[in-house]
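Numbering (our numbering), first residue to last: 13 to 427. Input: a single structure, listed below in structure tokens.
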């Protein structure tokens, strides 16, 4: 092949590539894509991120609109949604205080493990979004710490399973003895009974996974919500008194501790919880979703494989939906008012939190019992710090500290 023929061939190839690129670009231009802020090479928009992330995304939404795009390093694109109608379209239509009581070392260790896991899992690190060739450097040791926590958790749960297996006494034919059958069944005990019938369908690994899903998911979000609620009540003592009066009037005489069956009758307590979830949702950005196919959200084209972040924190403070959106006003939920506006504290669609009812009951029982049994006061005259921390959930940046003392009317129940 002479030089002229080679040049002609190369020219044709270049022309073909240019035409293909131009056709693709014109196709993209015909599609209405969400706006995006100016980015940088390689890192995209990661340089814009500040903690807490939901606050950063709320500021970007105020500047670029309720639906906008971000480029996260090697991750092609993420779409952030900060309006209730768009979130419903995405998730629905497209489905895309210190305790002085005794705490066992085991319980304390597990709680600390959950808190550290949540903090590390939600830690914002640019290395998650860089190309794979650059992610082998474990900057900050986050990967090593998560691996260590995973190994500790596995050993802890396997120990629980082994202990429960020893307690389940069986005779030579595999039948459970009466003494063991009479004891209350735990979740692990029920799963071990299933395992005895079909070991392959219910191995120890499955039991461990089910247990950790139930324990870790509920522990962090429920305790965070109770802490936020108590902080709000300490800053609004009139609301706490109103909640205590409701509980006292309902319980009546003789005085007894609050029970789970009482919660549906305590409407003002429910209003307090709903308002707390509105102001401080347990997962401010929910769990990231991904579009399984091309779709349209709020009139914008969303390509297949796009990461979706729903900013529930921003949605729950939208002044177009809520009067005085940053104020703590439980009465807005009285008589069912505003519950229709309560967008997505637990998600939406087929992938919403399956433990929503359990979580509401845990928070209601915990918060209600604290209000019923103790008198609470702030430490000093200053209001409780309501700054949000960072993590997979939304903990308080400054842990709550308060003075409390048992109420005389329930002292006999606490001794």
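Backbone N, C-alpha and C define an ideal beta-carbon position, used for all residues, glycine too. Owing to the predicted nature of the structure, the values given are computational and were not obtained by experimental measurement.
In chain order, which continuous runs of the alpha helix (DSSP H) of length 4 or greater are located wholly inside the segment 266 to 297?
-> 279 to 291
Pick from 233, 209 and 200 that is closest to residue 217, judged by C-alpha positions | Counting from 1 along the chain shown, the entry for residue 217 is found at position 205. Comparing Cα-Cα distances from residue 217 to each of 233, 209 and 200, the minimum goes to 200.
One or two residues paired with residue 314 in a DSSP bridge | Walking along the chain shown from the start, residue 314 turns up at place 302. Paired residue(s): 307.
Best match in 79, 102 and 103 for proximity to residue 94 [C-alpha to C-alpha] | Within the chain shown, residue 94 is the residue found at index 82, counting from 1. Checked all of 79, 102 and 103; the closest Cα to residue 94 is 79.
Flag this pair as yes or no: are the beta carbons of residue 405 and residue 295 separated by less than 8 Å?
-> If you number the chain shown from 1, residue 405 lands on position 393. If you number the chain shown from 1, residue 295 lands on position 283. Closer than 8 Å, so yes.
Could you give the distance in angstroms between the alpha-carbon of residue 345 and the alpha-carbon of residue 286?
-> Translated into the one-based positions of the chain shown, residue 345 becomes position 333. Translated into the one-based positions of the chain shown, residue 286 becomes position 274. Residue 345 and residue 286: Cα-Cα distance of roughly 7 Å.
Per-residue burial, residue 305 [other beta carbons within 10 Å of its own, 16 or more giving buried] = On the chain shown, residue 305 is found 293 positions in, with the first residue counted as 1. With fewer than 16 other Cβ atoms within 10 Å, it is exposed.
Please state whether DSSP places residue 321 in a helix, a strand or coil.
-> Position 309 of the chain shown, counting from 1, holds the residue named residue 321. In the structure shown, residue 321 sits in a strand (DSSP, three-state: E or B).
Please report the residue range of the beta strand (DSSP E) in which residue 82 lies.
-> Against the chain shown, residue 82 aligns to sequence position 70. Segment 79 to 84, the beta strand (DSSP E) holding residue 82.
Does the beta-carbon of residue 423 have 16 or more other beta-carbons within 10 angstroms, so that it is buried, or is it exposed?
-> Along the chain shown, one-based indexing puts residue 423 at 411. Classification for residue 423: exposed.
Other residues of its chain near residue 241: CB distance less than 7 Å, five sequence neighbours each side excluded | Residue mapping note: residue 241 aligns to position 229 of the chain shown, counting from 1. Closer than 7 Å at the Cβ level, and outside the excluded window around residue 241, lie 284, 285, 288 and 379.
Proximal residues to residue 416 (C-beta, below 7 Å), its chain only, five neighbours per side dropped = The residue given as residue 416 occupies position 404 in the chain shown. 109, 386, 387 and 388, listed in sequence order.
Cβ shell of residue 63 (< 6 Å), same chain only, five flanking positions each side left out | Along the chain shown, read from residue 1 onward, the residue named residue 63 stands at position 51. 402.
Buried or exposed by the 16-neighbour rule on C-beta atoms within 10 Å, applied to residue 357 = Here the question's residue 357 lines up with position 345 in the chain shown. Residue 357 is buried by the Cβ-count criterion.
Sorted by chain position, which residues of the same chain lie with C-beta nearer than 7 Å to residue 206's C-beta, five sequence neighbours on each side aside?
-> Locating residue 206 in the chain shown gives position 194, where the first residue counts as 1. If we look at residue 206 and ignore the five residues flanking it on each side, its Cβ neighbours are 214.
Residue closest to residue 374, alpha-carbon to alpha-carbon, out of 269, 222, 255 and 275 = Position 362 of the chain shown, counted from the first residue, corresponds to residue 374. Taking only the C-alpha atoms, the option nearest residue 374 is 275.
Compare the Cα-Cα distances from residue 46 to each of 317, 328, 312 and 172 and report the closest residue.
-> As a working note, residue 46 is residue 34 in the chain shown. Of 317, 328, 312 and 172, the residue nearest in Cα terms is 312.
Straight-line CA distance for residue 434 to residue 300?
-> No statement about residue 434 is possible, as the shown extent of the chain runs from 13 to 427 and does not include it.
Same chain, Cβ closer than 8 Å to residue 166, five either side skipped, listed in chain order = Along the chain shown, one-based indexing puts residue 166 at 154. Closer than 8 Å at Cβ, skipping near neighbours: 220.
Between residue 184 and residue 171, what straight-line distance do the alpha-carbon atoms span, to the nearest angstrom?
-> Residue 184 sits at position 172 when you count from the first residue of the chain shown. Residue 171 sits at position 159 when you count from the first residue of the chain shown. Low confidence applies here, because residue 184 scores a pLDDT of 47, under 50, leaving its location unreliable and the question unanswered by this model.
Cβ neighbour criterion (16 or more within 10 Å) applied to residue 174 | Locating residue 174 in the chain shown gives position 162, counting from the first residue. Exposed.
Grouping DSSP H, G and I as helix and E and B as strand, with all else coil, what is residue 206?
-> Position 194 of the chain shown, counted from the first residue, corresponds to residue 206. Helix at residue 206.
Compute the Euclidean distance between the alpha carbons of residue 383 and residue 235, then round it to the nearest angstrom.
-> As a working note, residue 383 is residue 371 in the chain shown. As a working note, residue 235 is residue 223 in the chain shown. When rounded, the distance between both Cα atoms is 15 Å.
Can you tell which of 271, 397, 325 and 178 has its C-alpha closest to the C-alpha of residue 245?
-> To locate residue 245, count along the chain shown from 1; it is residue 233. Of 271, 397, 325 and 178, the residue nearest in Cα terms is 397.
If you compare alpha carbons, which of 322, 253, 277 and 26 is closest to residue 347?
-> For the purposes of this step, residue 347 is taken as the residue at position 335 of the chain shown. Nearest of 322, 253, 277 and 26 to residue 347, Cα basis: 277.
Below-8 Å beta-carbon distance, residue 57 vs any chain E residue = The structure shown contains no chain E, having only a single protein chain.
Of all the alpha helix (DSSP H) runs that stay within the bounds of the segment 364 to 421, which reach a length of 4 or more residues?
-> 368 to 385
Between the Cα of residue 97 and the Cα atoms of 342, 327 and 331, which residue gives the shortest distance?
-> Residue numbering aside, residue 97 sits at position 85 when the chain shown is read from its first letter. Of the candidates 342, 327 and 331, the one whose C-alpha sits nearest the C-alpha of residue 97 is 327.
Smallest Cα separation from residue 178: which of 204, 72 and 371?
-> The sequence position of residue 178 within the chain shown is 166, counting from 1. Of the candidates 204, 72 and 371, the one whose C-alpha sits nearest the C-alpha of residue 178 is 204.
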